[in-house]
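Start counting at 1 in the sequence shown, then tack on 796, and there's your number in the working numbering.
The beta-carbon is built from N, C-alpha and C at its ideal position, and this holds for glycine as well.
Quick caveat: nothing in here was measured; it's all calculated off a predicted structure.
Below is one structure, written out as structure tokens, with a few remarks after it.
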Amino acid sequence: MKEKLFSVFSVCLIATGCAGRVEYSPPIQENQVSNSAVINKPREEVWKDSIPKLGKSFFVINNIDRSSGLINISYSADPEKYINCGQVTSYVKNAQGERTYRFPGARSSQRYEIMNSGSLYYINRSMNLDGRVNIIYEEITPDTTKVTANTHYVVKRDINVTAAANNMSQSASETINFGSGGSASFPPSQNGQATTCVPNGALEEEILATIRE
797 MKEKLFSVFS VCLIATGCAG RVEYSPPIQE NQVSNSAVIN KPREEVWKDS IPKLGKSFFV
857 INNIDRSSGL INISYSADPE KYINCGQVTS YVKNAQGERT YRFPGARSSQ RYEIMNSGSL
917 YYINRSMNLD GRVNIIYEEI TPDTTKVTAN THYVVKRDIN VTAAANNMSQ SASETINFGS
977 GGSASFPPSQ NGQATTCVPN GALEEEILAT IRE
């Protein structure tokens, strides 16, 4: 029963006037994520300027290693801003009418309905994004510095399913992780579909823009 409840399925049911389907479109990563930038300043100057800039942003500075040119920061953010997890569409039809729900798979919080085997279920779904970034400073020339932001994304998905008929609920929690330019998928559903997430490059660009300022 649990497997049926939490599957991302695509099925159309017409018995007794009820119908429903859930469709998932995976993300399209059109461009390679750029996670490095070259700054026309000496490495020491870029390094010294970066620390107060990063400290004033929403990032938490965890570790500073000046000798190796490494700063480690962590963050917790709205997933939809920084990752793409495709698009979810749910359609239900019963005595109360027809409803269609469309939302990004990375949305932080979403309530919707699904119809499974003629039964209606209420879904409360949440996504949370946490991670760490290693910022590496490399001297290319005495007056040129390359800054690279290697991001480790950790995405947690929580789903609560409540049956409309008897108000019984079940919950599931799953976590995936991936790096800059990578991807990962939550476990596949009963019909083989899996929710996939990829970075959109916005986080890396935001970090590099902060350092370049």
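For residue 917 and residue 957, believed in contact at Cβ under 8 Å, the rounded distance: Within the sequence shown, the letter at position 161 stands for residue 957. Within the sequence shown, the letter at position 121 stands for residue 917. Yes, residue 957 and residue 917 are in contact; Cβ-Cβ is about 5 Å, under 8 Å.
C-alpha distance - residue 987 paired with residue 839, whole-angstrom precision: Working through the sequence shown from its first residue, we reach residue 987 at position 191. Working through the sequence shown from its first residue, we reach residue 839 at position 43. Any reading at residue 987 must be qualified, since the residue scores a pLDDT of 49, below 50, and its modelled position is unreliable; no value is offered.
Nearest candidate by alpha-carbon position, reference residue 910, set 816, 961, 989, 995: If you number the sequence shown from 1, residue 910 lands on position 114. The shortest Cα separation from residue 910 among 816, 961, 989, 995 belongs to 816.
Cβ-based burial, residue 828 [other Cβ within 10 Å; buried from 16]: As a first step, residue 828 must be located in the sequence shown, where it is residue number 32. Around the beta carbon of residue 828, a 10 Å sphere encloses fewer than 16 other beta carbons of the protein chains shown; the residue is thus reported as exposed.
Local conformation of residue 821 per DSSP, three classes: Position 25 of the sequence shown holds residue 821. If DSSP states are grouped into helix, strand and coil, residue 821 belongs with the strands.
Straight-line Cα distance separating residue 949 from residue 858: Along the sequence shown, read from residue 1 onward, the residue named residue 858 stands at position 62. Along the sequence shown, read from residue 1 onward, the residue named residue 949 stands at position 153. Between residue 858 and residue 949, the alpha-carbon positions lie close to 16 Å from each other.
Sufficient close CB pairs (3 or more, under 8 Å) joining the region 892-900 to the region 929-944: With the rule of 3 Cβ pairs closer than 8 Å, the region 892-900 does not count as touching the region 929-944.
Three-state secondary structure (DSSP) of residue 903: Within the sequence shown, the letter at position 107 stands for residue 903. The answer is coil: DSSP assigns residue 903 none of H, G, I, E or B.
Residue 915 to residue 980 span [Cα, whole Å]: Along the sequence shown, read from residue 1 onward, the residue named residue 915 stands at position 119. Along the sequence shown, read from residue 1 onward, the residue named residue 980 stands at position 184. Residue 915 and residue 980: Cα-Cα distance of roughly 31 Å.
Reference residue 824; option with closest CA among 873, 881, 898, 951: Looking up residue 824 in the sequence shown gives position 28. The option with the nearest alpha carbon to residue 824 is 881.
CB of residue 976 within 7 Å of CB of residue 930, strictly: Within the sequence shown, numbered from 1, the residue matching residue 976 stands at position 180. Within the sequence shown, numbered from 1, the residue matching residue 930 stands at position 134. Not closer than 7 Å, so no.
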